[in-house]
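This report concerns only the one structure given below.
Residue numbers (the working numbering), protein chains in the order written: chain A, 1081 to 1341; chain B, 94 to 141.
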């Protein structure tokens, strides 16, 4: 029995050790330096491939023609606006429960990217809707709840920037993240709970994709490209802010002197 | 050329992609600018 528990506890133990190691700003800064080029070149590789494939090589839709190609922007950005919020929720718990200050800093950076993804989703959705539905905007359940998500993101960003003290600002923003979390299931299930104009899910964990393969593959590649891009920007900005926040520490002085900024 | 016309939907498709491209580019420009500012700021700060 003891051997069984040890087998399962070791990877979890390693994970916690890694988390606490990375929670120290100096370790985080130096370790993540190697991650940046992976994220950067991954994004620069997959975004053009996914979008180029979707724009020029995927077959046109029999109903929507070439207008459907907006999907390669709209779905990744919408998906990321939700998944980044989930990441924020996770980071907020790390801050509020485990008091990992770095999580608070990361959360602010994630909020910025999440807001931009929500904005992109709403704008590309509106541009897509005009030729297809005849309207730039309708107060449909999914559109409205996604707009509310954007407003929640903006509220979190505004709250955070209202505080000079980053510790206080992060904590309040973290609480707001958790309160706003209710919007996520509303957005996700809106197309089932209400009689909506916005179509239902094309991709789901449990069912086969409702989109043809030659259209699906560029969508998945685009999604990967956007995710890597967001990861890159978030990490880049977080490392930058970390240097500023920790400037009184010796390790920051060392970093600046060694030219590693 | 037919690819650029996007089956008549060119205005919509290209304005969506144009907005996305502009947004992604501006993000990169601002983040590198801020990085350079930070570097300068910290170098000055540590000289004192």
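For every residue, glycine included, the Cβ atom is placed at its ideal position computed from N, Cα and C.
The Cβ neighbour count for residue 1320 of chain A, taken over all protein chains shown within 10 Å, is at least 16; the residue is labelled buried. Secondary structure of residue 1141 of chain A (DSSP, three-state): strand. With contacts defined as CB atoms closer than 8 Å, residue 1193 of chain A and residue 1250 of chain A fail to qualify as a contacting pair. The region 1093 to 1176 of chain A contains, as complete alpha helix (DSSP H) runs of 4+ residues, the segments 1105 to 1112, 1115 to 1136, 1151 to 1176 (chain order). One Cα belongs to residue 119 of chain B, the other to residue 1090 of chain A, and the distance between them is close to 44 Å. Among the residues facing chain B, residue 1136 of chain A is included, as its CB has a counterpart in that chain under 8 Å away.
Per DSSP, the continuous alpha helix (DSSP H) segment holding residue 112 of chain B begins and ends at 103 to 140. Residue 1296 of chain A and residue 1208 of chain A have their C-alpha atoms some 18 Å from each other.
Only residues of its own chain outside the window of five on either side were considered, and among them 1197, 1306, 1307, 1310 have a CB closer than 7 Å to the CB of residue 1160 of chain A, listed in chain order.
The alpha carbon of residue 1212 of chain A has as its nearest neighbour, out of A:1147, A:1133, A:1175, A:1231, the alpha carbon of A:1147. Per the C-alpha coordinates, the member of A:1330, A:1121, A:1152 positioned closest to residue 107 of chain B is A:1152. What residue 1216 of chain A touches in chain B, judged by beta-carbon distance under 7 Å, is nothing: the nearest beta carbon there is about 11 Å away. Taking residue 1267 of chain A as the centre and dropping the five residues before and after it, the same chain places the C-beta of 1162, 1222, 1225, 1226, 1229 closer than 8 Å to its C-beta, in chain order. Within the region 114 to 125 of chain B, the residues whose Cβ lies closer than 8 Å to any Cβ of chain A are, in chain order, 116, 117, 120, 121, 124. Here residue 1112 of chain A has 1315, 1319 as same chain residues with Cβ atoms under 7 Å from its own Cβ, once five neighbours each way along the sequence are excluded. Between residue 1276 of chain A and residue 135 of chain B, the alpha-carbon positions lie close to 52 Å from each other. Just so you know, the alpha carbons of residue 1331 of chain A and residue 1339 of chain A end up roughly 12 Å apart.
Nearest C-alpha to residue 1317 of chain A among B:114, B:140, B:129: B:129. For residue 1320 of chain A, the uninterrupted alpha helix (DSSP H) segment begins and ends at 1293 to 1325. If you draw a straight line from the Cα of residue 1100 of chain A to the Cα of residue 1248 of chain A, it is about 22 Å long. Under the 8 Å criterion on CB atoms, residue 136 of chain B is classed as interfacial with respect to chain A. With contacts defined as CB atoms closer than 8 Å, residue 1294 of chain A and residue 1138 of chain A qualify as a contacting pair. Apart from sequence neighbours up to five positions away, the residues of its chain that approach residue 1140 of chain A with a beta-carbon distance below 6 Å are 1146, ordered along the chain.
The Cβ of residue 1096 of chain A sits no closer than 8 Å to any Cβ of chain B. The Cβ of residue 1178 of chain A sits no closer than 8 Å to any Cβ of chain B. The Cβ of residue 1092 of chain A sits no closer than 8 Å to any Cβ of chain B.
Near chain B, meaning a CB-to-CB distance below 8 Å, no residue of the region 1110 to 1124 of chain A qualifies. Take the alpha-carbon of residue 1130 of chain A and the one of residue 1177 of chain A: they are about 39 Å apart.
For residue 1222 of chain A, no CB of chain B lies under 8 Å from its own CB, so it is not counted at the interface with that chain. The beta carbon of residue 1106 of chain A sits closer than 6 Å to those of 1331, all from its chain and outside the five residues before and after it, given in chain order. The alpha-carbon separation between residue 1172 of chain A and residue 1274 of chain A amounts to approximately 30 Å.
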